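In the working numbering, the protein residues as written are 4 to 211. First comes the structure, then the notes that go with it.
Now the structure itself:
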């Protein structure tokens, strides 16, 4: 099997990465595109750093098992299948599903630290950065964490101010200049999505 084409997608929390990737996924057959997410490589809660208030900070590079993440990406590059348990954001009442990642001509790696982790960054053939205004990202984060994770607004705002924003400024934003494509998602990402879809369809035709 030929080496897959590796795409890295990053951006701050609330920039629209998840929605963008869902739309991209729908545009390609399962066997053509494999998506692997940093979110499934969080360390257990007992291994997370706590801030001065005793709150676990999941927005630091240490919160991710980067060695396991990089190793599984390499296995997919090598044509191997990868199995991993789904990460459920410390929901003790849910049972994690077994995730299976199959090698594909296009391998999409996503997460807030995929450019920061040097070993992973060097693997990437294309780097995409989703960007949005800070006030929009806060609003999107509140909506997501209230609906999907049932977090109180006060908790969401505390984590955004103390964890999310400092991490964006230190570990994510500095890599914007290294991105091959920057997609502004203040209103929507449709134009950027169409550009990426067209480029990837072209890549597949070349390989085909």
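All C-beta atoms in this analysis are idealised placements derived from N, C-alpha and C, irrespective of residue type, glycine included. Note that the structure is a prediction, hence the values are computed from the model and not measured.
Between which two residues does the alpha helix (DSSP H) holding residue i run?
| i | result |
| --- | --- |
| residue 195 | 193-210 |
| residue 26 | 20-29 |
| residue 158 | 156-162 |
| residue 140 | 137-152 |
| residue 91 | From DSSP, residue 91 is part of no alpha helix (DSSP H); its letter is neither H nor E. |
| residue 72 | 69-80 |
| residue 122 | 121-124 |
Under the rule that 16 or more other beta-carbon atoms within 10 Å means buried, what is residue i, buried or exposed?
| i | result |
| --- | --- |
| residue 110 | buried |
| residue 27 | buried |
| residue 148 | buried |
| residue 1 | Absent from the structure is residue 1, since the part of the chain shown begins at 4 and ends at 211. |
| residue 88 | exposed |
| residue 188 | buried |
| residue 49 | exposed |
| residue 117 | buried |
| residue 108 | buried |
| residue 1 | What is shown of the chain runs 4 to 211, which leaves residue 1 out entirely. |
| residue 202 | exposed |
| residue 170 | buried |
| residue 208 | exposed |
| residue 96 | exposed |
Which residue comes first and which comes last in the beta strand (DSSP E) that contains residue i?
| i | result |
| --- | --- |
| residue 8 | 8-14 |
| residue 63 | Looking at the DSSP string, residue 63 is not in any beta strand (DSSP E), and its letter there is neither H nor E. |
| residue 112 | 109-113 |
| residue 42 | No beta strand (DSSP E) holds residue 42; DSSP gives it neither H nor E. |
| residue 187 | 184-187 |
| residue 127 | Looking at the DSSP string, residue 127 is not in any beta strand (DSSP E), and its letter there is neither H nor E. |
Can you round the beta-carbon distance between residue i and residue j to whole angstroms, since I take them to be within the 8 Å contact cut?
| i | j | result |
| --- | --- | --- |
| residue 84 | residue 103 | 6 Å |
| residue 57 | residue 135 | The pair is not a contact, with the Cβ atoms about 31 Å apart (cut-off 8 Å). |
| residue 112 | residue 76 | 6 Å |
| residue 163 | residue 144 | 6 Å |
| residue 24 | residue 12 | 6 Å |
Would you check if the distance between the CB atom of residue i and the CB atom of residue j is smaller than 9 Å?
| i | j | result |
| --- | --- | --- |
| residue 10 | residue 115 | no |
| residue 192 | residue 16 | no |
| residue 31 | residue 166 | no |
| residue 186 | residue 179 | no |
| residue 206 | residue 8 | yes |
| residue 122 | residue 73 | yes |
| residue 137 | residue 168 | yes |
| residue 64 | residue 174 | yes |
| residue 129 | residue 141 | no |
| residue 80 | residue 6 | yes |
| residue 287 | residue 86 | Residue 287 lies beyond the residue range present for the chain, which begins at 4 and ends at 211; the question has no answer from this structure. |
So is residue i in contact with chain C if we call contact Cβ pairs under 9 Å?
| i | result |
| --- | --- |
| residue 22 | Given the protein chain composition of this structure (a single chain), no chain C is represented. |
>> Does the structure place the region 142-156 close enough to the region 30-48 that three or more beta carbon pairs sit under 8 Å?
In response: Segments in contact, no.
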